[in-house]
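A.B. asks: After the structure tokens below, expect a handful of questions from me.
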Amino acid sequence: MVGYLSNRILAGAEYAAKYNLGFDVPYTTYVNSDVTQSIISNNSHNDIRPIWELIYGHYGSLKGLNATWSKQYRDLVMTNGNGAEGGGGDYGPNSGGYDQLGFGTLLYRLDA
């Protein structure tokens with residue numbers, strides 16, 4: 568599943584990581600039945616969230632694929648978390664309710 572459509576999950580993660588590291592990314596206007604978004608949103612831009620150990624651990628370390636942006640963002644998350652990806656409560660008052668609960672350094676780190 569994680570390799571589906573030529574590693575589409577990795578492509579999306581790399582896009583999000585690059586954007587959240589402050590780099591420009593391509594964007595196509597989004598249109599649906601009640602809104603048109605002609606520019607990329609700044610909502611939650613640069614918010615630190617746990618998941619990057621899982622992404623980089625699988626694609627970069629295990630599969631040996633190019634996950635440069637994910638690794639850089641993982642390193643930023645770790646720096647923010649005093650050397651490890653944190654868990655619920657470490658990313659604001661509601662951070663235990665996110666889809667990814669964290670502790671990724673403990674659970675997914677494959678390299679030293």
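Numbering (the working numbering), first residue to last: 568 to 679. Built from N, CA and C at the ideal position, the CB exists for glycine as well.
For residue 606, which residues from the same chain have a beta carbon less than 8 Å from its beta carbon, with the 5 sequence-adjacent residues on both sides left out?
C.D. replies: Taking the first residue of the sequence shown as 1, we reach residue 606 at position 39. Excluding positions up to five away in sequence, the list reads 594.
A.B. asks: So, residue 582 versus residue 569, is the Cβ gap smaller than 8 Å?
C.D. replies: As a first step, residue 582 is located in the sequence shown; it is residue number 15 there, counting from the start. As a first step, residue 569 is located in the sequence shown; it is residue number 2 there, counting from the start. It is not a contact, given that the beta carbons lie outside the stated cut-off.
A.B. asks: Based on the DSSP secondary-structure assignment, which residues constitute the bridge partners of residue 635?
C.D. replies: Looking up residue 635 in the sequence shown gives position 68. DSSP, once it has assigned bridges, lists no residue as partnering residue 635.
A.B. asks: How many Å lie between residue 584 and residue 572 at the Cα?
C.D. replies: What you label residue 584 is simply residue 17 of the sequence shown in a count that begins at 1. What you label residue 572 is simply residue 5 of the sequence shown in a count that begins at 1. So the two alpha carbons sit approximately 20 Å from each other.
A.B. asks: How many angstroms separate the CA atom of residue 654 from the CA atom of residue 645?
C.D. replies: For the purposes of this step, residue 654 is taken as residue 87 along the sequence shown, with counting starting at 1. For the purposes of this step, residue 645 is taken as residue 78 along the sequence shown, with counting starting at 1. Distance between the alpha carbons of residue 654 and residue 645 is about 12 Å.
A.B. asks: Helix, strand or coil: which one does DSSP assign to residue 594?
C.D. replies: In the sequence shown, counting from the first residue as 1, residue 594 sits at position 27. In this structure, residue 594 counts as coil in the three-state DSSP scheme.
A.B. asks: Measuring only the C-alpha atoms, how far is residue 626 from residue 668?
C.D. replies: Taking the sequence shown and counting its residues from 1, the one referred to as residue 626 is at position 59. Taking the sequence shown and counting its residues from 1, the one referred to as residue 668 is at position 101. Cα-Cα distance, rounded: 19 Å.
A.B. asks: For residue 670 and residue 620, what's the separation of their Cα atoms in angstroms?
C.D. replies: In the sequence shown, residue 670 corresponds to position 103, counting from 1. In the sequence shown, residue 620 corresponds to position 53, counting from 1. Using only the alpha carbons, I get a separation of about 9 Å.
A.B. asks: How many whole angstroms separate the CB atoms of residue 610 and residue 587, which I take to be in contact at a CB cut-off of 8 Å?
C.D. replies: The residue given as residue 610 occupies position 43 in the sequence shown. The residue given as residue 587 occupies position 20 in the sequence shown. Contact flag wrong, Cβ pair sits at about 12 Å.
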